[in-house]
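Participant:
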């Protein structure tokens, strides 16, 4: 069983910059459209632009992960502070496989990267050893070695950054 924890962000179609009500899309919509055959549960932890996520929010998310009966946890998250949340959770050594995923293009947009990133993250989650990872744009990053490159709008390993 995969326990999916949602925190908001672009992947769910939330457009915080526009300050208008964007069409929200749920992770379950993507999974239903993909006709997945694995068991999962989805729990909304909070709905925030990741730039607004606080230390207390991260602690609350970590508590949800720790108390989950599942050993495999997927966290949908905004990309702005995804690496900070991954580091916060990674330092806790929760002995679960935890993958954070998001999208750069609104999940409600026609050409969104959300379904690909979500599918890739779920696949990775099933094969990775217990630890904390970020899965974005066809790559997996360990929480200690990930950064968002604002110039390319992609995630990369810190040791690749120029």
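Numbering (my numbering), first residue to last: 8 to 169.
Idealized CB from N, CA, C, for every residue including glycine.
Determine whether the beta carbon atoms of residue 146 and residue 134 lie at a separation below 8 Å.
Facilitator: Cβ atoms of residue 146 and residue 134: not closer than 8 Å.
Participant: On the CB-based measure, 16 or more other CB atoms within 10 Å of its CB, does residue 100 come out buried or exposed?
Facilitator: Label assigned to residue 100: exposed.
Participant: Go ahead and label residue 65 buried or exposed: buried means 16 or more other beta carbons lie within 10 angstroms of its beta carbon, across all protein chains shown.
Facilitator: Buried.
Participant: Would you call the stretch 76-89 in contact with the stretch 52-61, where contact means no fewer than 3 C-beta pairs closer than 8 Å?
Facilitator: Taking 8 Å as the limit for Cβ pairs, the verdict is that the stretch 52-61 does touch the stretch 76-89.
Participant: DSSP three-state label for residue 117, please.
Facilitator: In this structure, residue 117 counts as coil in the three-state DSSP scheme.
Participant: Give the secondary structure of residue 71 by DSSP, where H, G and I count as helix, E and B as strand, and everything else as coil.
Facilitator: Note: residue 71 maps to helix in three-state DSSP.
Participant: Within its chain, find whatever has a CB closer than 8 Å to the CB of residue 120; leave out the 5 residues flanking it on each side and keep chain order.
Facilitator: 110, 111, 112 and 144, listed in sequence order.
Participant: Roughly how many angstroms separate the alpha carbons of residue 9 and residue 105, rounded to a whole number?
Facilitator: Going from the Cα of residue 9 to the Cα of residue 105 covers about 10 Å.
Participant: Report the partner residues of residue 10 according to the DSSP bridge assignment.
Facilitator: Paired residues: 48 and 80.
Participant: Here's the rule I'm using: 16 or more other beta-carbon atoms within 10 Å means buried, otherwise exposed. How should residue 63 be labelled?
Facilitator: Label assigned to residue 63: exposed.
Participant: When you compare only the Cα positions, how much space is there between residue 107 and residue 118?
Facilitator: Cα to Cα, residue 107 sits roughly 21 Å from residue 118.
Participant: CA-CA distance, residue 148 and residue 128?
Facilitator: Distance between the alpha carbons of residue 148 and residue 128 is about 11 Å.
Participant: Does the Cβ of residue 157 have 16 or more other Cβ atoms within 10 Å, making it buried, or fewer, making it exposed?
Facilitator: Label assigned to residue 157: exposed.
Participant: Of all the options 17, 13 and 12, which has the alpha carbon lying nearest to the alpha carbon of residue 115?
Facilitator: The residue with the shortest Cα to Cα distance from residue 115 is 17.
Participant: Can you tell me the Cα-Cα spacing of residue 160 and residue 154, whole angstroms?
Facilitator: For residue 160 and residue 154, the distance between alpha carbons rounds to 10 Å.
Participant: In the DSSP assignment, find the unbroken alpha helix (DSSP H) run with residue 107 in it and report its ends.
Facilitator: Element bounds for residue 107: not the alpha helix (DSSP H) but the beta strand (DSSP E), 104-108.
Participant: Please state the DSSP three-state secondary structure of residue 58.
Facilitator: Correct three-state label for residue 58: helix.
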